[in-house]
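Residue numbering for the sequence shown follows the numbering used here, starting at 3 and increasing by one per position. Note that CB positions come from ideal geometry on N, CA and C, so glycine has one too. Heads up: the structure comes next, in structure tokens.
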Amino acid sequence: MTLKDLSLTALTEAAEGVIRPVGAFLLEQKVAQDQVETKSLNSLVSHVDKEAEARLVKGLSAVLPEAGFLAEEGTGSGDGHVRFRWVVDPLDGTTNLIHGLPVFCVSVALVDGDDPVIGVVYDPTRDECFTAFKGGGTRLNGQPVQCSGRVQLSDALVATGVPHWDFTRMEDYLAALTAFAKGTRGLRRMGSAAIDLAYVACGRFDIFFEYSLQPWDIAAGLLLVQESGGITCDFGGESEPQALLSGRETFAAAPGILDEGLSVIRNAFG
Ligand code: 2AM
Ligand code: CA
3 MTLKDLSLTA LTEAAEGVIR PVGAFLLEQK VAQDQVETKS LNSLVSHVDK EAEARLVKGL
63 SAVLPEAGFL AEEGTGSGDG HVRFRWVVDP LDGTTNLIHG LPVFCVSVAL VDGDDPVIGV
123 VYDPTRDECF TAFKGGGTRL NGQPVQCSGR VQLSDALVAT GVPHWDFTRM EDYLAALTAF
183 AKGTRGLRRM GSAAIDLAYV ACGRFDIFFE YSLQPWDIAA GLLLVQESGG ITCDFGGESE
243 PQALLSGRET FAAAPGILDE GLSVIRNAFG
């Protein structure tokens with residue numbers, strides 16, 4: 003099967019049809035504290051994540067039976083031989099949901115090797131569904147959106163994720179925060195990398211940066227940014243697909259802000 007054989011428009015619509023009801027399911031949940039187990043340091047997982055993932059895997063398997071999975075709660079037939087995989091975060095923003103903070107989403111990408119070809123990020127709290135397929139632009143609830151046209155760092159709103167488990171680059175990270183705090187309109191921390199990237203894609207944020215993310219946090223969002231006219235790269239400015247999808251370093255920006263933003267990151271992270 004080649005990419006040409008797939009109708010990306012139809013697949014994206016079918017994926018959205020699977021994802022929206024799972025988002026509605028997330029919205030209904032009240033997570034009792036005794037249902038929360040500690041997965042590892044600062045990583046909380048509840049029955050909600052697992053149930054949402056099971057529903058996504060069932061629905062997406064029917065949409066494209068040939069595709070494998072790489073999913074946050076462990077679903078994976080990623081044996082390396084499968085060309086297409088669904089990269090799934092059933093609940094991005096788990097900590098927010100557990101604390102009653104209404105900022106969370108479902109994030110699903112279809113990747114061809116390491117290259118996202120479909121991306122869907124659905125925020126049920128605002129009923130906002132961001133979709134993109136390769137070559138087709140980015141949409142929000144069906145309407146085309148673009149990344150911001152801002153050209154000066156001093157006008158930029160910058161999103162980031164504060165390190166919560168990998169503190170090895172904390173000093174560099176704080177240096178970047180300091181520079182952005184002084185040189186931009188402001189900093190925001192949503193607690194969902196998928197939403198951060200979706201917001202870069204529709205122009206609400208001009209820059210997003212974070213290190214040590216996971217593929218399922220960013221796979222869909224990377225494509226949303228790319229298809230909206232934005233730039234995605236690592237902290238050195240490289241955009242090699244495998245390195246990007248790993249989540250080791252994620253930088254996304256509107257094109258007019260890229261150079262100034264990246265030079266802040268380069269200075270801070272050496
Ligand atoms: P998750 O909700 O699916 O775990 C942002 O920093 C990213 O890190 C989010 O996409 C979030 O994905 C993940 N994350 C894991 N633990 C976190 C925490 N304690 N606080 C914030 N984000 C966390
Ligand atoms: Ca996540």
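On the DSSP bridge list, what partners appear for residue i?
i	result
Tyr213	Glu251
Gln145	Leu142
Trp88	Phe71 and Leu112
Pro118	Val113
Ile233	Ala255
Tyr124	Val108 and Cys131
Gly78	Leu72
Leu159	Gly188
Glu39	Val47
Starting from residue i and walking both ways along the alpha helix (DSSP H), at which residues does that stretch end?
i	result
Ala16	Leu10 to Glu30
Val202	Ala195 to Ala203
Val266	Leu260 to Phe271
Leu179	Met172 to Gly185
Leu99	Thr96 to Ile100
Below 8 angstroms CB to CB, which residues in the same chain sit around residue i once its five sequence neighbours on both sides are set aside?
i	result
Pro243	Gly115, Asp116 and Asp117
Ile267	Ala178, Phe211, Phe237 and Phe253
Gly78	Gly70, Phe71 and Leu72
Thr11	Phe135 and Gly138
Nearest by alpha-carbon distance to residue i: which of the options is it?
i	options	result
Gly188	Thr180, Gln37 and Gly138	Thr180
Thr170	Ala17, Ser214 and Arg22	Ser214
Gly190	Trp218, Glu212 and Gly272	Looking at the sequence itself, residue 190 is Arg, so the reference to Gly does not match. Ranking the options by Cα distance to Arg190, first place goes to Glu212.
Gly19	Glu240, Ala245 and Gly144	Gly144
Leu159	Leu28, Phe271 and Ala255	Ala255
Leu224	Phe132, Tyr175 and Gly272	Phe132
Leu8	Leu28, Phe86, Ile21 and Gly78	Phe86
Val164	Val90, Tyr175, Ser241 and Pro217	Tyr175
Glu279	Val47, Thr234 and Ser241	Because the chain in this structure spans residues 3 to 272, residue 279 falls outside the shown range and cannot be described.
Asp168	Gly249, Pro126 and Gly121	Gly249
Leu112	Ile120, Ala17 and Gly272	Ile120
Ile220	Arg206, Tyr201 and Ala270	Tyr201
Ala26	Pro104, Leu66, Gly239 and Pro217	Pro104
Trp218	Leu155, His166 and Ala196	Ala196
Pro146	Gly205, Gly102, Arg152 and Gln154	Gly205
Ala73	Asn98, Trp88 and Ala12	Trp88
Asp94	Ala69, Pro126, Val84 and Thr77	Pro126
Leu28	Glu15, Arg128 and Ala16	Arg128
Leu247	Gln216, Glu15 and Val227	Gln216
Ala183	Ser156, Ala203 and Ser194	Ser156
Pro92	Gly102, Leu13, Ala222 and Leu142	Ala222
Starting from residue i and walking both ways along the beta strand (DSSP E), at which residues does that stretch end?
i	result
Glu130	Glu130 to Phe135
Val65	Run containing Val65: none in the beta strand (DSSP E); it sits in the alpha helix (DSSP H), His49 to Val65.
Gly188	Gly188 to Arg190
Excluding sequence positions up to five away, which residues of its chain have a Cβ less than 6 angstroms from the Cβ of residue i?
i	result
Val24	Ala54, Arg57, Leu58 and Val108
Glu251	Tyr213, Asp236 and Phe237
Gln31	Val50
Glu229	Ala134, Gly139 and Thr140
Leu264	Gly239
Asp208	Ser150, Arg152, Ala158, Leu159, Ala256 and Ile259
Asp198	Ala161, Met192 and Phe210
Lys52	Glu75
Ordered along the chain, which non-local residues of its own chain (more than five positions away) have a Cβ less than 7 angstroms from that of residue i?
i	result
His49	Gln37
Gly231	Gln148, Cys149 and Pro257
Gly61	Val20
Leu260	Ile233
Met172	Pro165
Practice task
Go through the residues and name those whose CB comes closer than 5 angstroms to any heavy atom of ligand 2, in chain order.
Solution key: Asp91, Asp94 and Asp219
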